[in-house]
Each structure stands twice: as structure tokens, then as C-alpha cells.
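Working notes for the structure below.
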Amino acid sequence: ENIRYQLVTFLIAGHETTSGLLSFTTYELLRNPEVLAEARRHVDEVLGDRYPSYEDLPRLGYLDQILRETLRLWPTAPAFGLYPYEDTTLGGEYDLSRRDTIMVLTPSLHRDPDMWPDPERFDPSRFGFEAAKERFMVAKITTVWRRLIRPTVNAWLIDNPDANLAAAKQFAEAELGEAISERVAEQ
Numbered sequence: 049e050n051i052r053y054q055l056v057t058f059l060i061a062g063h064e065t066t067s068g069l070l071s072f073t074t075y076e077l078l079r080n081p082e083v084l085a086e087a088r089r090h091v092d093e094v095l096g097d098r099y100p101s102y103e104d105l106p107r108l109g110y111l112d113q114i115l116r117e118t119l120r121l122w123p124t125a126p127a128f129g130l131y132p133y134e135d136t137t138l139g140g141e142y143d144l145s146r147r148d149t150i151m152v153l154t155p156s157l158h159r160d161p162d163m164w165p166d167p168e169r170f171d172p173s174r175f176g177f178e179a180a181k182e183r184f185m186v187a188k189i190t191t192v193w194r195r196l197i198r199p200t201v202n203a204w205l206i207d208n209p210d211a212n213l214a215a216a217k218q219f220a221e222a223e224l225g226e227a228i229s230e231r232v233a234e235q
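Here's what the structure looks like:
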């Protein structure tokens with residue numbers, strides 16, 4: 049019975065989040081023709097005129113940046129709840145009991161101007177190696193989010209903390225890489 053539940057989770061989690069992400073990625077690529085042109089150049093450079101394979105995915109880094117930036121603006125899981133295991137005080141200010149639930153709203157977190165300059169702009173270069181390294185090394189402690197969540201680690205949350213979804217995530221990432229490279233190449 050557990051195997052059946054895991055398979056359903058795998059298929060639903062992988063399919064729903066993938067289809068939502070592909071929709072928003074298409075939307076952003078059409079709104080940002082310069083990003084689409086760069087993605088197309090990148091795909092042509094890596095693939096030439098052939099279809100992508102699983103082995104190509106690590107070389108399609110710019111597409112990964114596009115997907116991550118899309119998830120920043122349009123997270124497929126826009127909220128999740130956390131609760132303390134024991135009564136505690138958060139950030140020296142907020143008393144929480146183990147019966148309390150904290151809702152984390154990822155769209156608010158992902159549009160925080162202290163962490164994301166010009167946060168409404170679609171900019172895949174935010175997830176290039178140097179930009180990501182700089183962003184996660186330097187944090188400004190100015191907002192309530194800074195008191196609640198360590199920004200150097202969690203300024204961008206897309207993963208469900210449920211370890212059971214790890215296989216679904218890997219499936220979705222492989223499916224996304226192939227699907228988006230095919231779409232970009234067809235433009």
C-alpha cells in the first residue's frame with residue numbers, strides 16, 4: 049500500500065509542478081524576447097539540430113537559470129506551514145508554542161527587494177554562479193523575514209521539506225530540462 053501512495057505522490061507532485069512551471073516559463077519567455085533569444089542560442093550551441101537527451105541536461109545551464117528565475121517569481125508551491133517542535137521564541141521577539149503554525153509565503157520572500165534588486169524583473173542571470181554566490185554570501189538584516197528565516201540560506205525556497213518528494217523532484221527536473229529545450233528550439 050505504501051508503494052502505491054509513493055507512486056501517486058511521485059506522479060502528481062512531478063506532473064502538477066512541472067506543468068505549472070512550464071506554463072509560467074513560457075509566459076516569461078514570451079514577455080522577455082531577449083531571454084528567449086539567449087536561450088535559443090544556448091540550446092543551439094549545446095544541441096545543434098538534435099533533440100535533447102538526459103545526458104545533455106548538465107550542459108543546459110542557462111535553461112536551469114531560466115527555470116529558477118521563473119520559480120522565484122511564480123513558485124509552484126506558494127505557501128507552506130511550519131511548526132516548532134517545542135515552545136520557543138523566534139528572533140527574540142515572537143513567542144511560539146508547539147501548537148502554532150507559521151505560514152511561509154514564498155512569493156513575498158522571493159520578491160523581497162533587500163535580497164532581490166528590482167524583484168519584479170525577470171532576470172535569469174540572478175542564478176548565474178557569480179550572482180548567486182554574491183547574493184547568498186551577503187545578507188542585509190532589515191526585515192521581519194530576516195528575523196524569521198536566515199536569508200543567506202533560505203532567500204529562495206522551492207523545495208518541499210518532505211524528503212519523500214525527492215524522487216518526484218528529480219523526475220520533474222529531468223522532464224523540465226528536456227521540455228523547455230525542445231520548446232526553445234522550436235521558436
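Residue numbers are given in this note's numbering: position 8 of the sequence shown equals residue 56, and the series is strictly consecutive. Just so it is clear, CB atoms sit at the ideal spot from N, CA and C, and this is done for glycine as well.
Does DSSP classify Y133 as helix, strand or coil? coil
Quick check: what's the CA-CA separation for E86 versus L115? 14 Å
Under 8 Å between C-beta atoms of L121 and F170: yes
With a cut-off of 8 Å on the beta carbons, I'd call T118 and F72 a contact; round off their distance for me. 5 Å
Separation of R107 from G68, as counted between CA atoms: 24 Å
Taking the CB atoms as reference points, tell me whether L237 and P161 lie closer together than 8 Å. In the structure as shown, the chain begins at 49 and stops at 235. Residue 237 is therefore absent and cannot be evaluated.
Secondary structure of F72, DSSP reduced to three states: helix
Can L84 and L95 be called in contact, C-beta distance under 8 Å? no
Going by other Cβ atoms of all chains shown within 10 Å of its Cβ, with 16 needed for buried, is Y99 buried or exposed? exposed
Tell me the rounded alpha-carbon separation between V56 and T124. 18 Å
Cβ of V179 within 8 Å of Cβ of M151? Reading the sequence as shown, one finds Ala at residue 179 and not Val. It is not a contact, given that the beta carbons lie outside the stated cut-off.
On the three-state DSSP scale, how would you describe E128? It is Phe, not Glu, that sits at residue 128 in the sequence shown. Strand at F128.
Could you pull the start and end residues of the alpha helix (DSSP H) that L115 belongs to? 109-121
Short check: CB of P172 to CB of Y75, under 8 Å? no
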